[in-house]
Amino acid sequence: QAWRDAYDVIARKMLAGAEADCNPAWWHAEVIAHERRARDIAVLTLKPLQQLEYRAGQYVSIESPAHHPRVWRTYSVANAPRANGTMDFHVRALGAGWLSGALVRRVKPGDMVRLAAPMGSMVLDRRSTRDIVFLAGGTGLAPIRALLDELTSFNRTRWVHLFFGARDRQDLYDLAHLQNLATSYPWLSVVPICSNDQGWGGEEGTVAEALSRFGPWREHDFFVSGSPAMVRSTLRALGQLQVPHTRIRYDAFSDH
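All the letters of the sequence shown, read from the start, carry residue numbers -6 to 249 under the numbering used here.
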């Protein structure tokens, strides 16, 4: 009952916000594509039936009324705004996650979901001239993908370093695309990291540990996205590296 009461509060806030705004309380969206990328990870493409404006790096809450009505969970959009309005989401099925499990294993093209208004401030500052470091853990890659998508449309002068961490190679579910991006855009470098893969020949350990083996990093803008534990450890590492907190933006969701 407690979680139902909590989401009643969320729904009431959505309605109150809609009354004060010209936007709807939520957007109905159709599932256009559903691709399983790993044992517990799927990439979904949704198309809202009404225009939904957002910025790369922001997130929305999603509900699947057909599977778990009134259960909303937060997911980052994994692409910059497109002319056709479609939005990608990277979802990991959690052990006790009702909605995440449904989005990964049960939702299919043609199904309808609902989206809440976009939120979040982990967005690019186009006025900055500093180079960029992206630190992503698991499906925390999603907002980083959106920011990269935006950068490909205008960046010519800022070097971008992406550290992408996962438990094993299978969880590096978007690595091929990232490597293709790095081939197409010389300003981008990608460092994949595995924390628990004995046969892995690349960087090992956590994202924070891998970051400490590179650098120096004092003159960069940082974006951190992943599980709460991953974000906490990475923020501690950045503090030890004396990175000013004003140059760090981050998102932490349990769904990552």
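From the three backbone atoms N, C-alpha and C, an ideal C-beta is built for every residue, glycine too.
Beta-carbon within less than 8 angstroms of Leu42's beta-carbon, same chain only, minus the 5 sequence neighbours each way: which residues are those?
Trp20, His21, Ala22, Glu23
Using the Cα positions of Arg120 and Asp214, report the straight-line distance between them to the nearest angstrom.
Cα atoms of Arg120 and Asp214: separation of roughly 12 angstroms, rounded to the nearest angstrom.
For a test of the three-state rule: what should DSSP assign to Val183, helix, strand or coil?
strand
Do Leu128 and Val200 have their C-beta atoms closer together than 8 angstroms?
Yes; because the gap between Cβ atoms is below 8 angstroms, this pair is in contact.
Could you check if Pro111 is buried or exposed, using at least 16 other CB atoms within 10 Å of its CB as the buried criterion?
buried
Please list the segments of the beta strand (DSSP E) lying wholly inside the segment 86 to 141, counting only runs of 3 or more residues, in order along the chain.
105 to 108, 124 to 130
Does Glu196 pass the burial test, meaning 16 or more other C-beta atoms within 10 Å, or should it be called exposed?
buried
Do the CB positions of Ala31 and Tyr178 come within less than 8 angstroms of each other?
no
Using CA atoms only, rank isn't needed, just tell me which of Asp161, Leu231, Ala26, Val236 is closest to Gly104.
The question names Gly, but residue 104 is Asp in the sequence shown. Ranking Asp161, Leu231, Ala26, Val236 by Cα distance to Asp104 puts Ala26 first.
Does Ser57 have its Cβ less than 8 angstroms from a Cβ in chain C?
Structure shown: chain C not included; a single protein chain is present.
I need the DSSP call for Ala26, collapsed to helix, strand or coil.
strand
Throw me the rounded Cβ distance for the Asp190 and Tyr52 pair, which I believe falls under 8 angstroms.
About 29 angstroms separates the two Cβ atoms, so there is no contact after all.
Spell out the partners DSSP gives Val215 in its beta bridges.
Residue identity differs from the one stated: residue 215 is Phe in this sequence, not Val. According to DSSP, Phe215 bridges with Val126, Ile241.
State yes or no: is the C-beta of Glu212 within less than 8 angstroms of the C-beta of Arg123?
yes
Determine, using beta carbons only, whether Ala159 and Ala71 come nearer to each other than 8 angstroms.
no
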